[in-house]
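In this note's numbering, the protein residues as written are 152 to 491. Virtual Cβ for every residue (Gly too), placed ideally from N, Cα, C. What follows is a single structure, written as structure tokens, with notes after it.
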């Protein structure tokens, strides 16, 4: 289709366009070939440059032909062509009533080659400018998938313990704090988009629903990030002592934004729920290793803590510096626990 449209264009419009396009593409492809050491690209760039050289040669030949074209030989109205016998002129009386002899038609003025070439270049520049400026000034439909949001349209009623806890954060609020636009970049995977996000208003296990424990999760292709806030009386110092009896490894005490904190590792739990007629589930299994930072809910460490954990199904984990940078970005969005 494109070739058919090009053949419809006049010679002095088509050829300059082909020369400009071929030279630009050839030079660009050759530059990329040299930069990336790509032989295939080098061959393709050579083809474009050879094609452009052929078109330039054709245009030069056409210009020379136009310059050297001799004017067409025209007959002399007053003279007598060679080899033609002159006829005697008719008497003046015989010419009465006969109209004047029509003069030969003036030759058509051929189009100016340089003007057509200039018009072709101007047309090409206008098209290039339109393609460059179009996306900037014309509204375009964005078909890229939107990341999931944290809005909770169900408006689930909070458990009673949330009413008894002074200013607790909710699961939806935690989700909005965690689901940052730069979260994937902070994790070292800037090209990824969140696949699922969630926020729940849970209560801590084994507390008979007397301890609020909201949490939120954001899942990418590489990592899953989870944040939770536990509103109990456990201090970070007591939490570290409990770790000695658990399976946590690589325990390291530190301070994050002026609050006591501890860095540790522990395996997640994985279980399967059967939604069939039996409604039974599989056994609880050991999941991938998670790296977590537990930070006190207030600077005085009067009880309660916030957990921020990262894990992946492949078992890879980001560096501790990456995790700590993420904690420093997320933690200011979680209100400190007020003094009791």
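Quick check on residue i: does DSSP put it in helix, strand or coil?
| i | result |
| --- | --- |
| residue 392 | helix |
| residue 438 | strand |
| residue 471 | helix |
| residue 343 | coil |
| residue 483 | helix |
| residue 366 | strand |
| residue 477 | helix |
Using a Cβ-Cβ cutoff of less than 8 Å, which residues in the same chain neighbour residue i once the five nearest sequence positions on both sides are dropped?
| i | result |
| --- | --- |
| residue 346 | 299, 370, 371 and 372 |
| residue 455 | 380, 381, 382, 383, 384, 385, 447, 448, 449 and 488 |
| residue 341 | 335 |
| residue 362 | 312, 354, 355, 381, 382 and 383 |
| residue 351 | 322, 365, 366 and 367 |
From residue i to residue j, what distance separates their C-alpha atoms?
| i | j | result |
| --- | --- | --- |
| residue 338 | residue 189 | 33 Å |
| residue 394 | residue 419 | 15 Å |
| residue 460 | residue 365 | 14 Å |
| residue 440 | residue 400 | 10 Å |
| residue 367 | residue 443 | 14 Å |
| residue 161 | residue 344 | 50 Å |
| residue 317 | residue 490 | 9 Å |
| residue 478 | residue 187 | 39 Å |
| residue 543 | residue 468 | The chain is shown from 152 up to 491; residue 543 falls before or after that span and cannot be answered. |
| residue 357 | residue 483 | 29 Å |
| residue 485 | residue 402 | 24 Å |
| residue 168 | residue 210 | 12 Å |
| residue 207 | residue 173 | 10 Å |
| residue 436 | residue 308 | 32 Å |
| residue 325 | residue 178 | 53 Å |
| residue 198 | residue 328 | 55 Å |
| residue 163 | residue 183 | 31 Å |
What are the boundary residues of the alpha helix (DSSP H) that includes residue i?
| i | result |
| --- | --- |
| residue 325 | 322-329 |
| residue 219 | 190-219 |
| residue 166 | 162-187 |
| residue 336 | 334-337 |
| residue 311 | 311-315 |
Does the CB of residue i have a neighbour CB from chain D at under 8 Å?
| i | result |
| --- | --- |
| residue 392 | Note that chain D does not occur in the displayed structure, where there is just one protein chain. |
For the beta strand (DSSP E) holding residue i, just list the boundary residues, first then last.
| i | result |
| --- | --- |
| residue 401 | 400-407 |
| residue 452 | Counting along the chain, residue 452 falls outside any beta strand (DSSP E), and DSSP gives it neither H nor E. |
| residue 379 | 375-381 |
With distance defined between alpha-carbon atoms, name the residue in the options nearest to residue i.
| i | options | result |
| --- | --- | --- |
| residue 417 | 466, 389 and 452 | 466 |
| residue 408 | 414, 183 and 480 | 480 |
| residue 413 | 387, 437 and 436 | 387 |
| residue 473 | 374, 322, 404 and 390 | 374 |
| residue 493 | 310, 213, 411 and 196 | With the chain represented from 152 up to 491, any question about residue 493 goes unanswered, as that position is not in the structure. |
| residue 201 | 215, 181, 470 and 219 | 181 |
Spatial neighbours of residue i within its chain, please: CB distance less than 6 Å, with the 5 preceding and 5 following residues excluded, ordered by chain position.
| i | result |
| --- | --- |
| residue 330 | 301, 348 and 369 |
How about residue i: is its Cβ closer than 7 Å to a heavy atom in the ligand ADP?
| i | result |
| --- | --- |
| residue 415 | Although the ligand ADP was asked about, the structure shown includes no ligands whatsoever. |
Sorted by chain position, which residues of the same chain lie with C-beta nearer than 7 Å to residue i's C-beta, five sequence neighbours on each side aside?
| i | result |
| --- | --- |
| residue 464 | 439 |
| residue 390 | 413, 445 and 456 |
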